[in-house]
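Shown next, in structure tokens, is the structure this report addresses.
Protein chains: 4
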Amino acid sequence: MASLDPGIGEKFSQRTQRAINHDGSFNVRRRGGPPIHDPYQRLILMPWGRFFTEVGVLFLLLNAAFALAYMALGLENLPGVAAPHGWVQDFLSALFFSVQTFTSVGYGHVYPGSNGAGALSSLEALVGVLTFALATGLLYGRFSRPTARILFSRVAIVSRQPNGQPCLQFRVANRRANILIELTAQVIVKFTDAATKNISYAALPLERDAVSFLPLTWTLVHDLGPGSPLHGLQAADYAARDVEIIVMLKSYDDTFAQDVYSRYSYIPSEIAWHRRFRRAYDVASDGIAEVNLDALDDTEELS
Amino acid sequence: MASLDPGIGEKFSQRTQRAINHDGSFNVRRRGGPPIHDPYQRLILMPWGRFFTEVGVLFLLLNAAFALAYMALGLENLPGVAAPHGWVQDFLSALFFSVQTFTSVGYGHVYPGSNGAGALSSLEALVGVLTFALATGLLYGRFSRPTARILFSRVAIVSRQPNGQPCLQFRVANRRANILIELTAQVIVKFTDAATKNISYAALPLERDAVSFLPLTWTLVHDLGPGSPLHGLQAADYAARDVEIIVMLKSYDDTFAQDVYSRYSYIPSEIAWHRRFRRAYDVASDGIAEVNLDALDDTEELS
Amino acid sequence: MASLDPGIGEKFSQRTQRAINHDGSFNVRRRGGPPIHDPYQRLILMPWGRFFTEVGVLFLLLNAAFALAYMALGLENLPGVAAPHGWVQDFLSALFFSVQTFTSVGYGHVYPGSNGAGALSSLEALVGVLTFALATGLLYGRFSRPTARILFSRVAIVSRQPNGQPCLQFRVANRRANILIELTAQVIVKFTDAATKNISYAALPLERDAVSFLPLTWTLVHDLGPGSPLHGLQAADYAARDVEIIVMLKSYDDTFAQDVYSRYSYIPSEIAWHRRFRRAYDVASDGIAEVNLDALDDTEELS
Amino acid sequence: MASLDPGIGEKFSQRTQRAINHDGSFNVRRRGGPPIHDPYQRLILMPWGRFFTEVGVLFLLLNAAFALAYMALGLENLPGVAAPHGWVQDFLSALFFSVQTFTSVGYGHVYPGSNGAGALSSLEALVGVLTFALATGLLYGRFSRPTARILFSRVAIVSRQPNGQPCLQFRVANRRANILIELTAQVIVKFTDAATKNISYAALPLERDAVSFLPLTWTLVHDLGPGSPLHGLQAADYAARDVEIIVMLKSYDDTFAQDVYSRYSYIPSEIAWHRRFRRAYDVASDGIAEVNLDALDDTEELS
């Protein structure tokens with residue numbers, strides 16, 4: 166029988182932590198390999214604060230380097246700079262001229278007064294416009310990267326279907342106001358063998374694994390009947406086998422016009438037993454449907 | 166039997182309005198949820214007028230802030246500014262210098278004449294070029310977002326097929342002159358139970374649910390024979406059950422090189438009985454096919 | 166039986182011209198419909214020469230408008246402009262200052278010397294940078310639009326297979342040096358009824374309708390045996406029925422990382438009978454395969 | 166039986182080199198064909214060093230051309246340029262002014278002092294901003310082009326499965342830290358007939374041809390049992406038949422939000438017999454899985 170390992174590994178020498186973090190990343194570290202420079206990926210994925218800090222630092226360093234070059238040339242090549250006032254003032258004067266060239270402001274109260282300064286400032290002007298061309302692309306790349314903001318219920322629940330059968334459920338909603346289309350979900354369970362620490366995977370079929378839209382909430386239901394790999398297991402068994410319910414969700418984002426993928430997982434401490442979800446949407450008095458994202462986690466004891 | 170709910174909800178405490186608006190949006194309001202900031206989505210989706218207004222206001226605010234900073238520093242740091250003429254004139258002078266720095270025009274009749282002004286104007290020049298880098302990305306993102314401009318006939322009709330069977334029909338055409346490829350359509354009907362207000366959905370299979378191209382018009386036909394969930398229903402039944410015919414159309418846009426999705430719906434007041442569509446295209450005298458978009462809604466009484 | 170109309174129409178009052186032009190566009194004109202403004206699509210699709218002409222004209226018009234505004238304000242607001250020399254010289258002076266502001270060059274030998282000129286030039290600087298932000302997006306959009314440059318053989322041929330059966334063949338190659346992946350082809354034939362002018366379509370199945378790559382050439386083969394809608398037809402029949410062989414080709418472009426679609430069609434005058442293709446690739450002396458695009462149309466008489 | 170040629174050719178007059186190079190490109194040369202200008206593709210695909218060199222050279226040439234135009238006009242039209250000092254100094258002065266206009270720095274110590282210089286510098290400013298608009302698009306296009314950095318094991322191995330059957334194996338890992346989703350692999354073998362030099366292809370089915378993720382390593386296994394086209398062949402047979410194992414790998418890149426394709430191939434000298442892979446991942450003491458890319462090629466003798 167073909168393995169159902171989704172690519173997360175089956176043989177480890179000891180217990181592993183959860184495979185999927187709550188932000189959808191994998192609990193994996195990487196070592197070795199040929200050195201790889203992915204400045205674009207790095208600059209696209211880093212947080213905004215760090216991005217602007219790196220841009221600012223790079224801007225300062227580049228301009229400081231050009232300022233030092235102007236100083237090496239001699240500030241007498243930059244008419245308009247006040248008479249020498251020591252290293253610090255000279256550096257600042259050269260730095261300000263450099264920034265005015267780099268950003269193409271070019272007030273002109275200081276200007277290149279020799280061939281050397283003309284050539285150096287020409288080079289800097291080119292470097293400057295190309296640098297901001299790069300920054301433009303990076304900013305667009307950061308902004309336009311489609312990222313689904315699927316909100317998963319913090320707990321999965323073991324509930325009961327209308328026919329009395331137990332089932333595993335969790336809910337999702339769209340954190341954003343934009344439109345998600347053609348959602349499909351796939352759920353697998355990861356077991357760890359208590360003795361060998363070997364890991365095995367099994368699919369958890371859903372009563373319904375696709376919806377056309379997600380304007381409200383979507384409750385995903387896995388039947389815990391005899392066909393389920395979780396059939397008959399109790400909370401203690403979940404813990405003993407290190408159960409991890411791994412959810413993969415694909416959708417099409419109408420704003421970005423691209424497919425987006427989300428991942429989430431539930432470990433035993435995030436599974437509530439004998440509960441059911443309260444409905445998180447209803448219709449307002451004007452006949453318009455209304456979804457309450459704050460109620461996504463609302464559950465109640467099964468009667 | 167698995168529910169056919171496309172994700173629009175099945176249980177509401179009272180009658181709901183139509184699920185899909187004519188612009189393809191959902192008739193759903195959202196409340197609660199973790200706060201989410203999607204400036205990109207907001208700036209991409211807002212109308213052009215509002216976009217340019219927000220850009221203009223932000224431009225003014227940023228430059229006013231820098232102008233106040235230059236004033237706090239003292240306008241004597243900006244040689245070329247006329248002697249002080251009161252708060253308003255000073256603010257305007259500082260504002261104009263700020264704009265000249267922010268946009269990197271830098272005429273230079275006013276220029277930073279001290280280290281403080283040099284540093285502040287350097288910062289402003291950087292903020293300025295980055296702001297316009299952002300604006301560049303936003304403008305491109307707004308322009309390049311693929312949006313299908315599928316024109317749906319304003320009414321669906323209940324007509325008769327060549328074999329005498331009744332059928333439900335509506336037509337679509339491409340409002341744009343660009344090329345749409347590989348169109349696929351899916352139609353479902355939404356019923357509301359008059360007593361419980363519960364909602365149910367059923368698929369309406371089409372005689373043909375895909376075409377390769379859409380240069381002319383495409384008439385979508387659902388057979389109302391015994392196999393249809395609408396079989397035997399009359400206009401009054403449509404109204405009593407709050408019928409909503411929901412259309413989902415997917416196509417590939419050859420200009421944007423991306424899939425685009427359209428949605429539309431017909432409610433009972435938008436369904437005409439006993440009519441047929443007049444052909445909306447023909448061939449001109451030079452042998453070239455010609456489509457008349459104004460005739461998309463042209464119907465005539467069934468004989 | 167469901168129609169095989171790919172969306173090009175079946176009922177016309179007289180003979181139509183070919184449905185697909187050699188550049189892949191449809192032979193269709195459009196009339197009426199709600200007015201639709203697609204400046205992006207228009208600016209993306211127009212030829213480069215026209216694009217730069219429109220950009221140049223818009224640039225001139227915008228700057229002329231600002232120049233007139235500066236003149237209305239009075240050129241005494243622009244210190245540095247020479248004393249008045251008549252309308253033409255004044256306009257030129259204002260125009261040059263306008264361009265220097267619009268493009269953010271801002272030499273500064275002319276500068277805004279009043280609040281009115283300061284405000285107007287601030288507005289123009291903003292309009293200027295936003296205009297070039299737009300131009301940046303448009304240039305990128307034009308450049309990055311994936312367009313397959315599939316080269317179709319100018320003729321389709323009626324040839325003979327190894328087993329003696331007649332077959333219809335045509336060849337394609339990639340005009341570009343980039344890599345096309347996962348090509349799939351679909352071929353249909355369009356017949357016109359000589360009497361009614363009604364049009365019908367039929368699929369022409371291919372011996373092989375997909376290849377993984379297209380580094381060399383790909384010969385598409387339709388078996389003209391008993392199963393073919395063209396079985397037994399001769400050249401005269403092709404002409405009498407206005408046969409048009411319509412080819413739809415989809416591939417994935419590894420440079421643009423996007424699907425690209427090509428269309429082509431063969432009419433009776435573009436079909437050669439009783440010929441076979443000469444091989445258009447071979448291996449060079451260093452063991453490297455070599456494709457000769459000039460030989461794509463090379464055919465020889467069947468022996 | 167339909168050919169399995171993936172599009173790489175079947176009939177050659179002599180032995181060919183490997184079809185797929187290690188960088189995924191095809192071992193194919195192209196000749197003839199209508200001339201095609203793909204500046205975008207060329208500029209997107211060239212190495213960074215060459216890209217910046219071409220940008221620099223173009224920048225110099227354009228500015229030199231404008232410098233010559235200013236000289237033809239007469240440098241007396243550019244007040245601020247020092248008195249004539251011979252051709253070289255005049256050219257440099259004009260060049261520096263040109264760069265200051267092209268990059269929109271515009272210090273203003275030199276400025277256009279006549280209508281001719283005003284018009285020429287206006288044109289140059291427009292050309293300059295459009296050129297940098299183009300450069301912005303190109304830089305973004307280069308950066309944002311999704312390229313999978315799949316690391317293939319340098320050797321494929323002939324190993325033994327738990328059931329004792331021989332199998333062909335190779336491994337892949339993701340060189341990057343980003344997330345690859347929904348990987349699918351297809352493997353074919355290319356044989357060359359020693360006598361006719363004709364080439365034939367056969368599919369090599371995998372025990373598992375898809376994984377959901379690739380955070381660790383993925384070992385692809387082809388069963389060399391009776392069903393395999395390689396069944397019973399020894400190393401000498403591989404060499405005699407010029408075996409080439411061709412791997413096609415498709416995945417979805419979560420950073421670029423696009424599908425990416427990788428190709429690789431193994432020739433007889435890159436196939437090791439009677440070995441097995443050592444596991445390249447394990448769990449660290451903190452329970453986090455750890456993959457060691459340097460161990461991707463680690464194999465050991467079969468016992």
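Residue numbers (this note's numbering), protein chains in the order written: chain B, 166 to 468; chain R, 166 to 468; chain C, 166 to 468; chain V, 166 to 468.
Every residue gets a Cβ at the ideal spot worked out from N, C-alpha and C, and that includes glycine.
{"Asked": "In whole angstroms, give me the CA-to-CA distance for residue 396 of chain V and residue 357 of chain C.", "Found": "54 Å"}
{"Asked": "Please go through the region 212-282 of chain R and give each complete alpha helix (DSSP H) segment of 4 or more residues, from N-terminal end onward.", "Found": "213-238, 252-267"}
{"Asked": "So the candidates are V/339, V/184, V/341, V/209; which of them puts its Cα closest to the Cα of residue 410 of chain V?", "Found": "V/184"}
{"Asked": "Would you kindly report the start and end of the unbroken alpha helix (DSSP H) that includes residue 207 of chain R?", "Found": "204-210"}
{"Asked": "If you draw a straight line from the alpha carbon of residue 463 of chain V to that of residue 342 of chain C, how long is it in whole angstroms?", "Found": "36 Å"}
{"Asked": "Does the contact criterion of 3 or more C-beta pairs under 8 Å hold for the region 176-183 of chain V versus the region 441-453 of chain C?", "Found": "yes"}
{"Asked": "For residue 130 of chain B, collect the residues of the same chain with a Cβ closer than 7 Å to its Cβ; drop the 5 residues on either side in sequence, then sort them by chain order.", "Found": "As displayed, chain B neither begins before 166 nor continues past 468, which places residue 130 of chain B out of reach and without an answer."}
{"Asked": "List, in order along the chain, the chain B residues whose C-beta lies closer than 8 Å to that of residue 273 of chain C?", "Found": "272, 273"}
{"Asked": "Could you name the residues of the region 253-270 of chain R whose beta carbon sits closer than 9 Å to any beta carbon of chain V, in the order they occur along the chain?", "Found": "269, 270"}
{"Asked": "Taking the C-alpha atoms as reference points, what is the distance between residue 382 of chain C and residue 195 of chain V?", "Found": "11 Å"}
{"Asked": "Suppose you measure from the CA of residue 364 of chain V to the CA of residue 192 of chain V; what does that come to, to the nearest Å?", "Found": "15 Å"}
{"Asked": "Touch check for the region 289-306 of chain C and the region 428-439 of chain C: three-plus C-beta pairs under 8 Å?", "Found": "no"}
{"Asked": "Would residue 231 of chain R pass as a contact of residue 190 of chain R if the rule is Cβ separation under 8 Å?", "Found": "no"}
{"Asked": "Report the residue from V/272, V/405, V/413, V/309 whose alpha carbon sits nearest the alpha carbon of residue 246 of chain V.", "Found": "V/272"}
{"Asked": "Who are the neighbours of residue 380 of chain B on chain R, taking C-beta pairs under 7 Å?", "Found": "172, 173, 191, 193"}
{"Asked": "If you draw a straight line from the alpha carbon of residue 298 of chain B to that of residue 315 of chain R, how long is it in whole angstroms?", "Found": "36 Å"}
{"Asked": "Is the beta carbon of residue 350 of chain V sitting closer than 8 Å to the one on residue 412 of chain V?", "Found": "yes"}
{"Asked": "Determine the direct distance from the alpha carbon of residue 211 of chain R to that of residue 219 of chain R, and round the result to whole angstroms.", "Found": "10 Å"}
{"Asked": "Check whether the Cβ atoms of residue 301 of chain B and residue 301 of chain R lie closer than 8 Å to each other.", "Found": "yes"}
{"Asked": "Just to make sure I have the definition right: I need the residues of chain V whose C-beta is within less than 8 Å of the C-beta of residue 178 of chain B. Which are they?", "Found": "447, 448"}
{"Asked": "Against residue 203 of chain C, what residues of chain R qualify as contacts under a CB-to-CB distance less than 7 Å, listed in chain order?", "Found": "341"}
{"Asked": "For residue 370 of chain R, count neighbouring C-beta atoms within 10 Å of its own C-beta (all shown protein chains included) and say buried if the count is 16 or more, exposed if not.", "Found": "exposed"}
{"Asked": "Which term fits residue 418 of chain C, buried or exposed, when burial requires 16 or more other beta carbons within 10 angstroms of its beta carbon?", "Found": "buried"}
{"Asked": "Would you grab the beta carbon distance between residue 290 of chain V and residue 266 of chain V for me? Rounded to a whole angstrom, and I think it's under 8 Å.", "Found": "6 Å"}
{"Asked": "Quick one: which residues of the region 397-428 of chain B get their C-beta closer than 8 Å to a C-beta of chain V? List them in chain order.", "Found": "413, 421, 423, 424, 425, 426"}
{"Asked": "Comparing alpha-carbon positions, which option in B/466, B/458, B/172 lies nearest residue 198 of chain R?", "Found": "B/458"}
{"Asked": "List, in chain order, every chain V residue whose beta-carbon is nearer than 9 Å to that of residue 457 of chain C.", "Found": "195, 196, 197, 198"}
{"Asked": "Looking at the unbroken alpha helix (DSSP H) that takes in residue 400 of chain R, where does it start and where does it end?", "Found": "400-405"}
{"Asked": "Taking 8 Å as the threshold (C-beta atoms), are residue 269 of chain R and residue 116 of chain B in contact?", "Found": "Since the first residue shown for chain B is 166 and the last is 468, residue 116 of chain B is missing from the structure and cannot be characterised."}
{"Asked": "Pair every Cβ in the region 431-445 of chain C with every Cβ in the region 319-333 of chain C, then say whether three or more of these pairs are closer than 8 Å.", "Found": "yes"}
{"Asked": "Bridge partners for residue 350 of chain R per DSSP, in chain order?", "Found": "R/414"}
{"Asked": "Between residue 349 of chain C and chain V, is there a C-beta pair that is closer than 8 Å?", "Found": "no"}
{"Asked": "Ignore the nearest five residues each way along the sequence and tell me which others in residue 403 of chain C's own chain have a CB closer than 7 Å to its CB.", "Found": "433, 436"}
{"Asked": "Starting from the C-beta of residue 309 of chain R, find all residues in its chain whose C-beta is less than 8 Å away, skip the five residues before and the five after it, and write them out in chain order.", "Found": "421"}
{"Asked": "Tell me the rounded alpha-carbon separation between residue 282 of chain C and residue 208 of chain V.", "Found": "42 Å"}
{"Asked": "Under a three-way DSSP split, which group does residue 301 of chain C fall into?", "Found": "helix"}
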